[in-house]
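So the protein lines, in turn, are chains A and B. Per our numbering, the very first residue in the first sequence carries number 318; after that it's consecutive. Per our numbering, the very first residue in the second sequence carries number 2; after that it's consecutive. Below: the structure, in structure tokens.
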Amino acid sequence: MEIKVLRDILEANDRAADEVRATLANMGVSAFNFIGGPGSGKTSLLEQVIPALAGRQRVGVLEGDIETTRDAERVAALGVPVVQLLTGGGCHLEAAFIARGLSEIGVDELDVVLIENVGNIACPAEFDLGETAKVGVLSVTEGHDKPSKYPLLFNELSALVLGKVDLLPHTDFDRQAFEADFRGLNAKAPLFPLSCRTGEGVASFVEWLERVHEGSEQPVRLLEDQ
Amino acid sequence: MHELSIAQALVEQVETARTANGGGKVVAVEVRVGEWRQVVPEILTSYFDHLSQGTPMEGARIDIVTVAAMSRCGACAREFTLDDIFLVCPACGSRDCRLLSGRELELIGLELED
Chain A
318 MEIKVLRDIL EANDRAADEV RATLANMGVS AFNFIGGPGS GKTSLLEQVI
368 PALAGRQRVG VLEGDIETTR DAERVAALGV PVVQLLTGGG CHLEAAFIAR
418 GLSEIGVDEL DVVLIENVGN IACPAEFDLG ETAKVGVLSV TEGHDKPSKY
468 PLLFNELSAL VLGKVDLLPH TDFDRQAFEA DFRGLNAKAP LFPLSCRTGE
518 GVASFVEWLE RVHEGSEQPV RLLEDQ
Chain B
2 MHELSIAQAL VEQVETARTA NGGGKVVAVE VRVGEWRQVV PEILTSYFDH
52 LSQGTPMEGA RIDIVTVAAM SRCGACAREF TLDDIFLVCP ACGSRDCRLL
102 SGRELELIGL ELED
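Structural data, given as structure tokens:
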């Protein structure tokens, strides 16, 4: 017996993501999903962004990791609420984690939620978390060829942070080749070269976060607007 | 590795459809996967085989239909197949291109033992 179903396989995740979106909209909260490889500098970026937003936005952090609470401890040291989401082997966060994390963290007391995804530039791109914007984090030490090797993430993201630019003179990172590939995948998302060590470029990224939060800039959504 | 989550979601959906249609053993499952998803058919199949062990889905055939990524240029209206990873119009070079297909990840249907 043949049975027609015709349903999105990830519909349960998509439904949970819609609920997250509705919660965020009701509370006037923005959530940014930071996606980057292990060691790309996601936690270091949060350590720059959180103090920069202090006093202007009430920030909370959802910290995704496979194991350990080390990143959550680093973030908690900055005096902001943080909830650790341990995937126990899972390579990415899904929307149900975010729904749970938002209720645990007390989202009604916040303006901006920073979500640090599991270190991975392939899998997290497949899962809608209901976030306001996806932010890619790539460091110059990972190589200029990463956009074309992991195209889906670079299609999906609303902004790209190019980190560790203070190390550029010590690497073979080809900025032109990188930008040509990145722009072939995503013509519109803003690019923020920065260094968490020197602080260079951090301010303009933080300004973008605040513009998106305040609604004066709409985040690029290349695939979802299709 | 995200194929594991996808396979889990697929098993749940197949089970829902199976019980809604009188139960019985699942012979085949038809799935549609767009080329612009990072889903490796062999990995999805092997996770499905693993997760379905000991269930009425065990041994079911997974038919995966790949959907080509197609795009339409916003500047010259040309429709084209994306052979490359870059969203650039082959006719006029514009990057103002919309994806028409290629992001599918759907359970099309299943076949139950008569």
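Don't be surprised by glycine CBs; every beta carbon is placed ideally from N, CA and C. Since the structure is predicted, the reported quantities are computational estimates derived from the model, not experimental observations.
- Contact annotation: S72(B) and C98(B) have beta-carbon atoms nearer than 8 Å.
- For the segment 456 to 484 of chain A, the residues whose beta carbon sits under 7 Å from a beta carbon of chain B are, in order, S465, P468, L469.
- Restricting attention to alpha helix (DSSP H) runs no shorter than 4 residues, the segment 395 to 463 of chain A encloses them at 412 to 422, ordered along the chain.
- L52(B) and A70(B) have their C-alpha atoms some 29 Å from each other.
- For the pair G358(A) and V454(A), the CB atoms are nearer than the 8 Å cut-off.
- Apart from sequence neighbours up to five positions away, the residues of its chain that approach E421(A) with a beta-carbon distance below 8 Å are V400, ordered along the chain.
- Between F499(A) and L508(A), the beta carbon gap of about 7 Å places them in contact (Cβ cut-off 8 Å).
- Put simply, the CB of I415(A) is far from chain B, with every gap to its CB atoms at 8 Å or more.
- If you check each beta-carbon in the segment 492 to 520 of chain A against every beta-carbon of chain B, the ones closer than 9 Å belong to D498, R500, G501, L502, N503, A504, K505.
- Collapsing the DSSP output to three states places K359(A) in a helix.
- Between A18(B) and chain A, the shortest Cβ-Cβ separation is below 8 Å.
- Take the alpha-carbon of T385(A) and the one of A413(A): they are about 20 Å apart.
- Shown here, N350(A) sits in a strand according to DSSP, grouped into three states.
- For L508(A), the enclosing beta strand (DSSP E) has its first and last residue at 508 to 510.
- DSSP places R514(A) in the coil class of the three-state scheme, outside both helix and strand.
- Remark: C-beta atoms of E336(A) and G447(A) approach each other more closely than 8 Å.
- For E107(B), the closest Cβ of chain A is nearer than 8 Å.
- Secondary structure note for R492(A): it is in no beta strand (DSSP E), and the uninterrupted alpha helix (DSSP H) holding it is 492 to 502.
- DSSP links C74(B) through a beta bridge to C98(B).
- DSSP places E534(A) outside any beta strand (DSSP E), giving it a letter other than H or E.
- In the DSSP assignment, I65(B) falls within the beta strand (DSSP E) that extends over 62 to 68.
- Secondary structure note for E380(A): its beta strand (DSSP E) is the uninterrupted segment 376 to 382.
- Contact between L5(B) and D325(A) is absent: CB atoms are separated by about 18 Å, not below the 8 Å threshold.
- One thing to note: L402(A) has its Cβ no nearer than 8 Å to the Cβ of T340(A).
- DSSP, reduced to helix, strand and coil, places T82(B) within a strand of the structure shown.
- Excluding five sequence positions before and after I438(A), the CB atoms of its chain that fall closer than 6 Å to its own CB belong to G354, Y467, L470, given in chain order.
- Residues of chain B with a Cβ closer than 7 Å to the Cβ of D325(A) are, in chain order, L106, E107.
- In the three-state reduction of the DSSP assignment, D489(A) falls in the coil class.
- Taking 7 Å as the upper bound on Cβ-Cβ separation, chain A lies near no residue of the segment 41 to 70 of chain B.
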